[in-house]
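Structure record follows, encoded as structure tokens.
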Amino acid sequence: MTIDKLGPIDPVSKYNKTEKASRPEKKEKSDSISVSKEAKSMGEIYKATEDIKLSPDIREDKVREVKEKLTDPSYISDKVIESVAESIMGLFEL
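Letter 8 of the sequence shown, counting from 1, is numbered 7 in numbering that gives the first Met the number 0, and no numbers are missing.
And the structure:
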């Protein structure tokens with residue numbers, strides 16, 4: 000039985016060859032980001048929360064409106080009292 004060589008005579012010679020080094024390609028420098036839908040919605044929630052924190056606790060226009068209504072003697076009637084009572088009972092589910 001004989002074994003024939005399958006490659007070049009000196010198998011190491013093909014590994015000793017060096018190729019000329021090439022310079023790396025210069026890419027344009029640009030940065031970019033992408034924001035997910037979840038991050039956008041979280042940002043909107045955060046913005047709304049901050050707006051609420053910065054808003055006044057008492058709405059002066061509503062307070063003024065209620066004061067004007069309460070000073071009018073014809074405003075407080077049985078109809079208004081019944082309406083308020085029904086609203087309160089509805090809140091407590093009675």
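Glycine included, each C-beta is placed from N, C-alpha and C at the ideal position.
Query: Flag Ser33 as yes when its Cβ comes closer than 7 angstroms to any non-hydrogen atom of the ligand FMN, and as no otherwise.; Result: Only the bare structure without any ligand can be found here, which leaves the ligand FMN out of the picture.
Query: Expressed to the nearest angstrom, what Euclidean distance is found between the alpha-carbon atoms of Ile87 and Asp77?; Result: 15 angstroms
Query: Please state if the CB of Tyr74 and the CB of Lys66 are separated by a distance shorter than 8 angstroms.; Result: no
Query: When the Cα atoms are used, what is the spatial distance from Glu24 to Ala47?; Result: 47 angstroms
Query: For Tyr74, does the three-state DSSP call read helix, strand or coil?; Result: coil
Query: Which first and last residues belong to the alpha helix (DSSP H) in which Ala47 is found?; Result: Lys36 to Leu53
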